[in-house]
Structure formats: structure tokens, C-alpha cells
Amino acid sequence: VTIEEVTEFCLSRIDSRDGKLGAFLTINPNAKNRARQLDNRRSELSKRSLFYGYPIAIKDNLNIEGLPTTCASRILANHRSIYTATAVSRLLSAGAVVLGKTNMDEFAMGSSTENSAMGITRNPWDHDRVPGGSSGGSAVAVSGGMAPMSLGSDTGGSIRQPAAFCGVLGLKPTYGRISRQGLVAFSSSLDQIGPFAQNPLDALHVTVLLSGHDPLDMTSSTRDPLEMVHDYEKPLKGKVVGIPEEFWGEGMDPQVRESLEKSRELLVKAGMVLKPVRLPSTQYAVNVYYLIATSEAASNLSRFDGIRYGERKTGARDLKELYEKSRGEGFGPEVKRRILLGTFALSAGYQDQYYRKAQKVQALIREEFMRSFSECDLLFAPVTPTPAFRFGEKISDPLSMYLSDIFTISANLAGLPALSTPSFPTSNGLPVGAQLIGPHWSEGVLLKAASVLH
Ligand code: GLN
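One gets UniProt numbering by counting positions in the sequence shown from 1 and adding 25 to each.
As C-alpha cells, this is what we get:
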């Protein structure tokens, strides 16, 4: 088959399915042209890369030159990128074909993609349920059979949670593994780019391709990405899987528990050894996250003021009013809520009480993880307390939405790699995700362990 045929196949799938699902915000008008060009240059380049001609969907907070980058926000509705994110550049250099940009919660704030200013995205398994978020569009692109792979971003669970809800594999790499240059920053100390894939090996290959130092992101690591491949090749037999008590307590839906208990047995069958571990500070993770993430967001989003970035509203009498109108009309309610929270937490007199205290507890959470990894090689946990919920179920109660992130947030706070891989579905056929969390740079081990559950 030609690359053009493969690309056309994906585009026709999008054409026939996405009217209902709503995963894509933009279809790349150059996709077919690019495919044709790649076909013509196939003989010279094809042996160099696994991703030559590979179709991929990209979350709409990653810049791609010439295409819109809206972050699903009204304030960026007409924004076109003037440069390409490093992660996307690496895909393009390897010969990938970008199919389009995917829907998300506005500025990646949310857990259901209901915060998008561009409309909802439906879960392919049950159209009345959310796909999860914030990378809901990227999860549905893969789960709905429209793209074999996609990229998302994960600040507190935004890759793993939608992967769990949609029954695909989602990996949040170690903080610093993949360059964030060109990713619109939400919470810079927590954000990581990662893939949605159909199986662990695809996820491994794309993560290796995207990884490695980038001079344009000072937090990107110089570690050799091929370590992940070596780790993937090592046997799992004898590895110790920690079962963190705090993740397996009350609050987990019985159907999720049943599913995960069956997956846990598969790990044992593969020769791994289970060991109970304790992570007592997990109970503070949501509080800590919503202080740190909102503080950083308030600062990062200050550039969207109608002058530097974002739609400039007309009719303002002075600069202050121009800011107020542009931001007031451009941002949705959840983004405003977070800017207010973050601004409050950072304001004079409150910093020590909130932000610094949150950082101290974050250090504690990190230490507890490190201690647990002196006893085990990786951790096995749920991704979400429940399977995908229905539209409208949580959107009017932000706190209940925040609490649904309880199992994913701590990996971000500790900078650890973590993935969600499909576990056994519930009796009514909804996907359930199993989470594997490992020490820094252990993506290869996690993906290998995921291959046992696949
Ligand atoms: N759901 C979390 C939030 O709303 C995580 C989002 C994310 O990872 N981008 O902040």
C-alpha cells in the first residue's frame, strides 16, 4: 500500500465517524499532499524510520507551523502557529503524517473534555459518556479507529485518564523525558507530552523517537532514549510489584476493583511478585496539585491578554479594559476559576501558607515514592475510581471533578513515569484502565509489564 492510501483511509474514517465523536478540531489540509511527497521519496528514506508514512493525531495544545493551535479556547480561536513543537518536529523528520489537531479541555484544564469551548467529544464505547480529559480528542482518535496513534499532554492525568476511559494505552513519561518546547504551558513543572497507542510496543517506539535532550527546553533530559528499549528487552520474572494500600482502599468502584484484581493475577502469572506498600501522603495529592497547578497556570496564562497573545477585543477605552474584555470574554469558566485560585495562592501574605506548604507536601509525596521503590520495581494501581461517567454528571461540581484525578496526580507531583493500559472491561462493556507507575526513567519496564496485560 502507498502512504497516500493509508492517509486516505484514516481521513475517510474521520469523515465517517468524527461527525458523531467530535475528536478533531482541525483536519490537516496538507495531509494528502504530504503523503504523496513521502511516497515519492520512499525509496531513499523508508529504511531509516519506523514512522515513515505513519499517520498521527496531535492534541491542540501542541504547535504545528501553519495550523491552528486553539487549546480549545475562544481566546485562541483564530491563532495559527508560527513554529512547530520539538516533539512534532521529531515525528515529522521521521516521516510521520499529521492527520489533524484534537479536542481537549480548554488549556488542558479538566477531566472530561467538557470544558472545551469547541464542543464535546464522545466516548466511542458509549456515546452518552465522556471520553475523559483533558486529552479526550487524542484518546478518541485512537479508540475510535481514526488514527493508529496520537499525542497528548499529562499534567495531572490527562493522558492516562482518557486512555483508561477509552480503552487504549496512554503513557505519561518521566518529567523531562520529552521536550516541552512548543507545548502550550499549563503547569510547567508537571506537564509532560506522551503518546496514546494501541499496544505497548508502538508506545515504546514513539517514546524513543520523541525523547532526548532539546536545547530549547532546559528541563529536557540528556539520558539515552535507547535505555528504554534495553529495559523492555529484559525479563519480568522476579520483578516486585508494589500494591499501594492507599490506592486500593474505599472509593474504588467494585467493577473497577474486580477488573484490576484479574489483571493483577496476570502479573503474577508472568512471574512477578506482589508486595503491599504504603504511600500515606497520597491523601494530600489532590490538594497539593490544585495549589501548584493553579499557581503555575495563573502565571503561564498571563500572556493571553489580547496584546501579546489571544484575540484582542475592540471597543475598550483603556488598556485595563482591553485586558478585561479580552480575558473576560476569551476564557471559559474553569480557566477563570483556576487563574483566580492560583493568583490567590501566590498573592503576598498567602505564599507561605499555601504555595510553599504545597511544595513541602509535594517533597513528602516524592520521598514516599522513592522509599517504596527501594522495596519494589514498579507499582500497580487503578487509574480512575470509576469507569467513564456520563455527560453533565460532574461538570457542575468542580470539586467532584477534581477528586476523580486522585489516582493519577501523584505521579506528576513526583515526576514519575506512569501509564494506563486496558484492563478487563466491566460487565456492561466499559473499558477500565490499569495503572503502572515506576521510578524515574523506567518507561521501558512499565511498557514491558503492560505487554503482559495486553
Ligand atoms: N484533570 C486534571 C486537571 O484538571 C489534569 C489535567 C491535565 O493533566 N492536563 O487539572
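Note that CB positions come from ideal geometry on N, CA and C, so glycine has one too. Values in this document were obtained by computation on a predicted structure and should not be read as measured data.
By the criterion of at least three beta-carbon pairs nearer than 8 Å, the stretch 266 to 278 is not in contact with the stretch 223 to 239. The stretch 348 to 367 makes contact with the stretch 89 to 104, as at least three CB pairs between them are under 8 Å. Judged by DSSP secondary structure, P240 falls outside any alpha helix (DSSP H); it is assigned neither H nor E. DSSP, read as helix, strand or coil, puts S288 in helix. Rounded to whole angstroms, the gap between the alpha carbons of E393 and V298 is 20 Å. For D179, no alpha helix (DSSP H) encloses it; the enclosing beta strand (DSSP E) starts and ends at S175 to D179. L229 sits away from T111, with the two beta carbons spaced by 8 Å or more.
Here P93 is not near C35, since their CB atoms are 8 Å or more apart. Counting of Cβ neighbours within 10 angstroms places P198 among the buried residues, the total reaching 16 or more. Secondary structure at N453: coil, using DSSP grouped into helix, strand and coil. The alpha-carbon separation between K294 and A56 amounts to approximately 44 Å. Judged by DSSP secondary structure, V266 falls outside any alpha helix (DSSP H) and instead within the beta strand (DSSP E) spanning V265 to P269.
Distances from the CA of I107 to each of T95, H465, L117 and E90 were compared; the closest alpha carbon is that of E90. Judged by DSSP secondary structure, F190 falls outside any beta strand (DSSP E) and instead within the alpha helix (DSSP H) spanning R185 to C191. By the criterion of a C-beta distance shorter than 7 Å, Y257 is surrounded in its chain by L229, G469, L472 and K473, once the five residues flanking it on both sides are discounted. According to DSSP, residue pairing for D227 in a beta bridge does not occur.
Of the heavy atoms belonging to the ligand GLN, at least one sits nearer than 7 Å to the Cβ of T180.
Take the alpha-carbon of L50 and the one of A188: they are about 19 Å apart. DSSP lists G177 as the bridge partner or partners of G219. DSSP places V254 in the helix class (H, G or I) of the three-state scheme. Rounded to the nearest angstrom, the gap between the Cα atoms of G120 and R38 is 21 Å. Taking Q223 as the centre and dropping the five residues before and after it, the same chain places no C-beta closer than 6 Å to its C-beta. In this structure, A166 lies away from T109, with their beta-carbon atoms at least 8 Å apart. At a cut-off of 7 Å, the beta-carbon of M277 does not count as near the ligand GLN: no heavy atom of the ligand is closer than that. Per DSSP, the continuous beta strand (DSSP E) segment holding L403 begins and ends at L403 to P407. Following the DSSP letters along the chain, one finds F394 inside the alpha helix (DSSP H) bounded by residues K382 to S397. Note that the C-beta distance between L347 and K338 is below 8 Å. Look at T32 here: in three-state DSSP terms it is helix.
Ranked by Cα distance from G144, the options V155, W150 and N88 are led by V155. Looking at the DSSP output, I81 sits in a beta bridge with V123. Going by DSSP, A475 is part of the alpha helix (DSSP H) stretching over E468 to L478.
Within a 10 Å sphere around the beta-carbon of R73 sit fewer than 16 other beta-carbons, which makes this residue exposed. Bounds of the alpha helix (DSSP H) holding L428 are P423 to L428. Two segments are said to touch when three or more pairs of C-beta atoms, one from each, lie closer than 8 Å; by this definition the stretch 393 to 408 touches the stretch 455 to 463.
Counting every other CB atom within 10 Å of its CB across the protein chains shown gives Q376 a total below 16, marking it as exposed. Annotated three-state conformation of K259 is coil, per DSSP.
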